[in-house]
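Following my numbering, the numbering of the sequence shown begins with 415 at its first residue and continues without gaps. Heads up, the beta-carbon is just placed ideally off N, CA and C, and yes, glycines get one too.
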Amino acid sequence: MSPAPRLNAVAYISFQNHPILVRTFVNNQRDDLKYHYVAHTSLDVIEERVAATKGGECYLGHLYSMEDLAVYGWISPSKLKIVIALALTDAVVKDKEILTIFKALHLAYHRALSNPFLRLNAPAEVLNDPAALLISGNARWKSLTKRVDAIGKAINDA
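Written out as C-alpha cells, the structure is:
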C-alpha cells in the first residue's frame, strides 16, 4: 500500500484572483512566501485548463511540479479556486485521494461562507467579495482556518 500524500499547503483564491487564505503545513516559516508564489503561479495554469475544457469538471488535476512539490487545482462553479501543494514523492498519488481532499476543503469553505453571522457588521463595499471579508479582519473566518488545519492534520497524520 502506498503512503498517503503529504499536504504542504492549501490556497483558496477568490473569483477575482485575490488570495482568500494560504495555509502552510510545514515547520519552516521561510516557506510561507514560497507557497504564496505557488498559489499565484497556479492561476495561469488554471486559466489555461479552464479555457481548454468545455465541461463542468471542477477537478483540474495535476497543474505542475516544482522542486519538491506537486501542485493540484480545483475550481468551483462559483469560480473559487483551491490549490494544494503536496510533497513530491516516488509513490503514486491517486486522483481519488486528491478528489477527496478537494471535496473536504471545498466543504470547509462552503460551511464557513454559509455562516449567517459572517457578514454582520461588515462594510457594504466588501459584502460581494469573500476575500475582502477576510482581509477586513473578520474574526469569524477563524472557522475556515480551523477546518483547514483539521483537514491538513488528518491528511498528514494518516
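Report task. Examine the ligand NAD and report whether any of its heavy atoms sits within less than 6 Å of the Cβ of N441. Result -> The ligand NAD is absent from the structure shown, which contains no ligands of any kind.
Report task. Just the C-alpha distance for G470 and H524, rounded to the nearest angstrom, thanks. Result -> The count along the sequence shown starts at 1 and reaches residue 470 at position 56. The count along the sequence shown starts at 1 and reaches residue 524 at position 110. Using only the alpha carbons, I get a separation of about 19 Å.
Requested in this report: Could you name the residues that DSSP lists as bridge partners for S479?
Outcome: If you number the sequence shown from 1, residue 479 lands on position 65. BP columns for S479 point to A484.
Query raised in the report: Where does L474 sit, in a helix, a strand or coil, going by DSSP?
Result: Looking up residue 474 in the sequence shown gives position 60. If DSSP states are grouped into helix, strand and coil, L474 belongs with the strands.
Report task. Tell me whether N442 sits in a helix, a strand or coil according to DSSP, three-state version. Result -> On the sequence shown, residue 442 is found 28 positions in, with the first residue counted as 1. Coil.
Requested in this report: Output yes or no for whether 7 Å exceeds the beta carbon distance between R561 and A499.
Outcome: By 1-based counting over the sequence shown, the position of residue 561 is 147. By 1-based counting over the sequence shown, the position of residue 499 is 85. Not in contact: R561 and A499 (Cβ atoms no closer than 7 Å).
Requested in this report: Please state whether DSSP places R420 in a helix, a strand or coil.
Outcome: The sequence position of residue 420 within the sequence shown is 6, counting from 1. Coil at R420, not helix or strand.
**Report entry** Beta-carbon proximity check, V393 vs V452, cutoff 7 Å
**Finding:** The requested residue 393 does not occur in the structure, where the chain is confined to residues 415 to 572.
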